[in-house]
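Mapping to the UniProt record's numbering: the sequence shown position 283 is 283, numbers consecutive. The C-beta atom is built at its ideal place from N, Cα and C for all residues, glycine as well. Please read all numbers here as calculations on a predicted model, not as lab measurements.
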Amino acid sequence: MSHFAKRICFNDSGGDSPMEIDDPSRVDEQGEEDPFLAFVEYARSVVFSEDEVEGEEGHDPSTNGAEGRGPGWAWIVSRILKTCIAYSSGVTSAILLSDLAKAWHEQHRAGTPKKRPECINQLRRKHRRTKLPNTVTIDSIYEKNFVSLSSVLEVVIVDVYVLPGTNIYMLSLGDFWSSNTIDLYLHRRYYDLVDPQNGILRKGREVLLTGCYLRNAREGSGCTRLLPTEYLVILLDDDQDDDAILIGAQFCSDSFSSISLDEVDKGVSFSLYARIESIGSLEIQGTCGRLQRKDIALVDNDGVKLKFLLWGEQVLLSNLFSVGSMLALDRPYISTSAECAVEARDELCLEYGSATLLYLVPFIQHEEKICVPLTQNRCQGSRMLSAFSVTQDSRVSQVALPCDSQGTIDFSNYPFRPYIIDLHDKMTSISLYGVVTEIFREKTTEAIFSLQVKDTTGAIWAKLHFSKSWSLGRLGLGHTVFITGLSCYLTKRNCLELSWFENDVGASLTNLSILPAVLNSSCLHKLSCLSDLTSQESSMHICQVRVDQIDHCHVNSRLSHALCGNFVMETRSRIVECSFCQCNCDAEVVRSFHLKITLADESAKVFASCSGQTAAELLQISPDEFYELPEEEQIMYPSSLENERFVVMLIDCKRQGHASTADTADIWEITCALRCE
């Protein structure tokens, strides 16, 4: 059992609430009013404490900056919300802490070998590049007994050998994160590179693989192996003399401007060396829509640009590339723009041909030291700050984060919560927790929505870019959201703004105000009295109430847009249109409720509204069933609810100076409801 697991003790009464020396309520004493954020900080301190205990044994020098020093704040929040979404009926502190322990252990501790091959240990000490997005470990392949075609393996050759009685070359592969090794049948196009004397594919060489198929042991091979793949890229280190000589001798004599079509027609081959400037998005070619293409923009040392085209299954190769890396192409296939049906200024294009070999000098992200602003000192424990501090000033800390060649800093592993006041130009992979104060669709043919988010330090606009249409469900004013994958930039008017793209790696948006698990989990909220609502700063409140004043209850059955939960209207031309998405949604409507109801407890009464599933939960009937009732029964139905008790989540829609989207007269919106048995 890990040190972390030992810290979670169960009480003697048979319940599953953990008895902890450290209590999450201590975070509240430091000024955190939001119970969810209080639990996040508590969980962060517990997981960080375990990381300190395992410190020297578990630290992975291949990670850099904050990544190797405990889980980031956003990682903790994302894991908690993932568990909440999976268990809508509610979670306990013990469940959440155990899930965090397991996830962190699997990601950063599991698979650490007792004895790793020395060639990997030597490379590991200077391993500084960032993991590629689709990278999987060898341990995970054995665990899942599966590897997808788009998966990337960043591996080191541990051994090269020939299968006894055959002429088949095998590579034994290991990686920096796994205790296991795995064998690969080498594709025959690379056989010339495994010469025992001069071959570049030898023990200690790093390679990248994709497009792999797995041959399982149970299929008769005796052990699990990877089948041959054409999609292999050999990594070079220009700080090593042998690799620097190879680059200079083989790839620097030719340039893009030296390529001649006449020589190409005569069968002259070229070896080229260029920087990857950009990696295009996946395109579909042909009338049948089955041929895929990806464009890689390359720039050589003379500043000349050419496109490197990948076709069909070759697009998998783009998973091995990163912008800023140097790509060496040995014998690429050279075609004209007209042949490839490419709209380009350049007459020529490069392609991955049957004789092409690829080498890569990976782009190493530099690190930039970021001062942790004073906003963090109000919310983080002093022990946590000091662990990241490189200065003597106890009020300010610094962390090192990856920075690309354009000066954009990657905040995906930032250890603390980012506040709006701390945002600045050239920040990416930001995670933001705040309240929605404005939202509308941009007047454009694309699915772009502008969202204003506010936290305790300020407000900022974010442009949400969707691939087709809104896909985040119900989201209203006053709702609390957690957004990951944001980038910050300066607009032409010199204003800070955020952008978010639905399909970007790491992009997500979770609406905490509609999560049943938050309502059902006592460790993530605290109950409020109705009389205290206006005096509390939070816009999200959990209250135990009863239904009151049934004669003032208004039930309306209406059609709503299934994608966003907002009500629809019929235009003069009889088109069914969503007022929020501003699009024709005739095929995407469902019957829904709009309910106005009085809630009461021992201290006060409030008039609130709700719609959709929350209204159905309060009324204890589905909209379709209610719609089929005779009119007189519909009128009488609310009387059956009098004095029924519920736990509800109430959202203050007017605290920000805006009205609810449901009704301009309503102050409170009920976003979640649970009937008390």
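- Scanning the region 597-624 from its first residue to its last, the whole beta strand (DSSP E) runs of 3-plus residues come out as 605-611.
- Of the other Cβ atoms in all chains shown, fewer than 16 fall within 10 Å of the Cβ of Asn167; this residue is therefore exposed.
- Rounded to the nearest whole angstrom, the CA to CA distance from Arg474 to Leu486 is 20 Å.
- Contact check for Asp652 and Ile670: beta-carbon distance about 12 Å, past the 8 Å limit, so the pair fails to qualify.
- Taking C-beta atoms as the reference points, Leu477 and Leu464 fail to come closer than 8 Å.
- Residue environment: Lys294 is assigned as buried (16 or more neighbouring CB atoms within 10 Å of its CB, all protein chains considered).
- With contacts defined by Cβ atoms closer than 8 Å, Val152 and Asn134 form a contacting pair.
- A direct Cα-Cα distance of roughly 15 Å separates Ile276 from Pro332.
- Leu208 sits close to Leu320, with the two beta carbons spaced by under 8 Å.
- The alpha-carbon separation between Trp73 and Arg44 amounts to approximately 7 Å.
- Ranked by how close their Cα comes to the Cα of Val162, the residues Pro415, Lys596 and Leu184 have Leu184 in first place.
- Of the other Cβ atoms in all chains shown, 16 or more fall within 10 Å of the Cβ of Phe416; this residue is therefore buried.
- No residue range can be given for Thr92, since it is assigned to no alpha helix (DSSP H) and is classified by DSSP as neither H nor E.
- Inter-segment contact for the region 578-589 and the region 633-647 is absent: fewer than three beta-carbon pairs are separated by less than 8 Å.
- For Met569, the pairing in a beta bridge is given by DSSP as Glu577.
- Three or more beta-carbon pairs separated by less than 8 Å are not found between the region 224-239 and the region 249-260, which leaves the two stretches without contact.
- Linking Val268 to Met326 through their CA atoms gives a straight-line distance of about 23 Å.
- As a beta-bridge residue in DSSP terms, Ala297 pairs with Ser278 and Lys307.
- For Ala74, the uninterrupted alpha helix (DSSP H) run begins and ends at Trp73 to Ala86, by DSSP.
- Put simply, the backbone Cα of His105 is about 37 Å away from that of Val194.
- Distance from Val555 to Phe593 at the Cβ level is roughly 7 Å; contact confirmed, criterion being Cβ atoms closer than 8 Å.
- Taking all protein chains shown into account, Gly612 has 16 or more neighbouring C-beta atoms within 10 Å of its C-beta and is therefore buried.
- Ile550 and Ile635 have their C-alpha atoms some 11 Å from each other.
- Taking C-beta atoms as the reference points, Cys564 and Trp470 count as a pair closer than 8 Å.
- Beta-bridge analysis with DSSP links Ser172 to Asp159 and Asp183.
- Straight-line measurement puts the Cα of Cys495 at about 44 Å from the Cα of Thr336.
- Short of 6 Å from the beta carbon of Gly407, and not among the five residues preceding or following it, lie these beta carbons of its own chain, in chain order: Lys426.
- Note on geometry: alpha-carbon atoms of Ser260 and Ser429 lie some 43 Å from one another.
- Under the rule that a run must span 3 or more residues, the beta strand (DSSP E) segments found entirely inside the region 395-476 read 397-403, 427-441, 447-455 and 458-466.
- For Leu357 against Thr210, the beta-carbon gap comes to about 15 Å, at or over 8 Å, which does not count as contact.
- In the DSSP assignment, Thr671 forms no beta bridge with any residue.
- Residue pairing by DSSP puts Asn584 in a beta bridge opposite Glu577.
- Here Arg493 is exposed. Its C-beta has fewer than 16 other C-beta atoms within 10 Å.
- Contact check for Ile138 and Asp175: beta-carbon distance about 5 Å, within the 8 Å limit, so the pair qualifies.
- For Leu232, the enclosing beta strand (DSSP E) covers residues Leu232 to Leu235.
- Under the three-state reduction of DSSP, Arg546 is assigned to strand.
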